[in-house]
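Undergrad: Using our numbering, read the sequence shown as starting at 1 and increasing by one per residue.
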Amino acid sequence: MNNAGVMALPQRRLTLDGFETQLGVNFLGHFLLTALLLPLLMKAEAPRVVQISSVAHRHGKIALDDLQAEKNYQPWRVYQQSKLAMLMFALELQGRSDAGGWGITSLAAHPGIATTALAANGPGPRSLTARVWPLLGHVVAHSSAAGALPTLFAATAPNVAPGGYYGPTGFREFRGPPGAAKIEPKARDAAVAKALWAAAERLTGQAFTPGP
């Protein structure tokens with residue numbers, strides 16, 4: 001389960017590897033880890049990989065000409081891009097597994113809107129998001145434990161569909177019991193997915209190779 005994440009950092013920052021932080025933490029690190037684990041995953045009896053996306057993917061756009069926001073850093077836009085990238089990664093991984101006979105079930109999940117410390121540690125405690133959250137959180141959100149259920153469902157449910165996406169089933173998928181989630185059409189753009197995959201391989205220096 002690839003679940004490391006930061007959200008809407010006010011200023012553009014870089015990881016130790018020199019990547020824009022939201023892209024690096026939310027997407028590239030997961031891409032690299034999964035690529036390195038591929039030979040071991042293929043030896044497992046019924047391997048699954050679960051990528052954590054977000055309802056924010058609905059507003060995301062993959063800026064292939066400025067993937068690391070060097071020209072134009074907008075905190076929420078970059079976050080939305082990273083979560084769209086995670087969903088596209090899950091779908092593209094399933095397609096490549098099917099084509100290559102890797103035997104992997106690739107899935108994505110999202111927590112809806114959960115009461116975690118993500119806002120305070122992303123936009124920051126003085127941000128509008130963090131200040132409004134205590135007032136609205138109890139209305140639109142559910143607990144962090146409830147937010148974890150779609151991920152656990154994707155990882156453990158016996159009859160999940162390969163390439164499936166899971167999240168809360170309540171209003172706008174903000175909260176509620178886990179079930180199938182809506183995938184925006186942009187997440188199924190095959191040309192963008194392939195270009196994103198190629199960019200991730202180039203940036204991480206790691207291709208998906210099944211092994212010796």
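By construction, the Cβ of each residue, glycine as well, lies at the ideal position given by its N, Cα and C atoms. The structure presented is a predicted model; accordingly, all values stated were derived computationally and were not measured.
Relative to the C-alpha of Gln68, which residue among Ala155, Glu20 and Phe31 is closest?
TA: If you number the sequence shown from 1, residue 68 lands on position 68. Selected option, being the one with the closest Cα: Glu20.
Undergrad: Specify the secondary structure class of Arg48 as computed by DSSP and reduced to three states.
TA: Indexing the sequence shown from 1 puts residue 48 at position 48. Of the three classes helix, strand and coil, the one that applies to Arg48 here is strand, per DSSP.
Undergrad: My understanding is that Gly179 touches Tyr166, with C-beta atoms under 8 Å, so please give their C-beta distance in whole angstroms.
TA: Counted from its first residue, the sequence shown places residue 179 at position 179. Counted from its first residue, the sequence shown places residue 166 at position 166. About 7 Å; that satisfies the 8 Å criterion.
Undergrad: Classify Gln11: buried if its beta carbon has 16 or more other beta carbons within 10 angstroms, exposed otherwise.
TA: Taking the sequence shown and counting its residues from 1, the one referred to as residue 11 is at position 11. Gln11 is exposed by the Cβ-count criterion.
Undergrad: Run the CB neighbour count on Thr209, radius 10 Å, all protein chains shown included, and call it buried at 16 or more, exposed below.
TA: Translated into positions along the sequence shown, residue 209 becomes position 209. Thr209 is exposed by the Cβ-count criterion.
Undergrad: Tell me the rounded alpha-carbon separation between Trp197 and Phe171.
TA: As a position in the sequence shown, residue 197 is number 197, starting the count at 1. As a position in the sequence shown, residue 171 is number 171, starting the count at 1. Going by the C-alpha atoms only, they are around 32 Å apart.
Undergrad: Per the contact definition of three or more C-beta pairs closer than 8 Å, is the segment 188-203 in contact with the segment 88-105?
TA: As far as the Cβ criterion goes, the segment 88-105 touches the segment 188-203, which means the pair count is three or higher.
Undergrad: For Ser82 and Gly163, which I take to be in contact (beta-carbon distance under 8 Å), what is that distance rounded to the nearest angstrom?
TA: For the purposes of this step, residue 82 is taken as the residue at position 82 of the sequence shown. For the purposes of this step, residue 163 is taken as the residue at position 163 of the sequence shown. At roughly 20 Å, the Cβ-Cβ gap does not stay under 8 Å, so Ser82 and Gly163 are not in contact.
Undergrad: Give the straight-line distance between the Cα atoms of Gly112 and Gly147, rounded to the nearest whole angstrom.
TA: Residue 112 sits at position 112 when you count from the first residue of the sequence shown. Residue 147 sits at position 147 when you count from the first residue of the sequence shown. The straight-line gap from Cα to Cα measures roughly 6 Å.
Undergrad: What residues match up with Ala109 in a beta bridge as DSSP calls it?
TA: For this step, residue 109 is matched to residue 109 along the sequence shown. Paired residue(s): Ile52 and Tyr166.
Undergrad: Is Arg58 near the ligand SAM, judged by its Cβ being under 7 Å from some heavy atom?
TA: Absence of the ligand SAM from the depicted structure is noted, as is the absence of any ligand whatsoever, leaving it without description.
Undergrad: Based on the DSSP output, what are the partners of Pro178 in its beta bridges?
TA: As a first step, residue 178 is located in the sequence shown; it is residue number 178 there, counting from the start. Per DSSP, Pro168.
Undergrad: Relative to the alpha-carbon of Phe153, which residue among Thr169, Val140 and Gln74 has its alpha-carbon at the smallest distance?
TA: By 1-based counting over the sequence shown, the position of residue 153 is 153. For the residues Thr169, Val140 and Gln74, the minimum Cα distance to Phe153 belongs to Thr169.
Undergrad: Where does Thr151 land, buried or exposed, given buried means 16+ other C-beta within 10 angstroms?
TA: By one-based count along the sequence shown, residue 151 stands at place 151. The residue is buried, with at least 16 neighbouring Cβ atoms inside 10 Å.
Undergrad: Where do the N-terminal and C-terminal ends of the alpha helix (DSSP H) with Lys194 fall, by residue?
TA: The residue given as residue 194 occupies position 194 in the sequence shown. Counting along the chain, the alpha helix (DSSP H) containing Lys194 begins and ends at Ala190 to Thr204.
Undergrad: Would you mind giving the Cβ-Cβ distance between Val237 and His142, rounded to the nearest angstrom? I have them listed as a contact below 8 Å.
TA: Coverage of the chain is limited to positions 1 through 212, which leaves residue 237 absent and any answer about it impossible.
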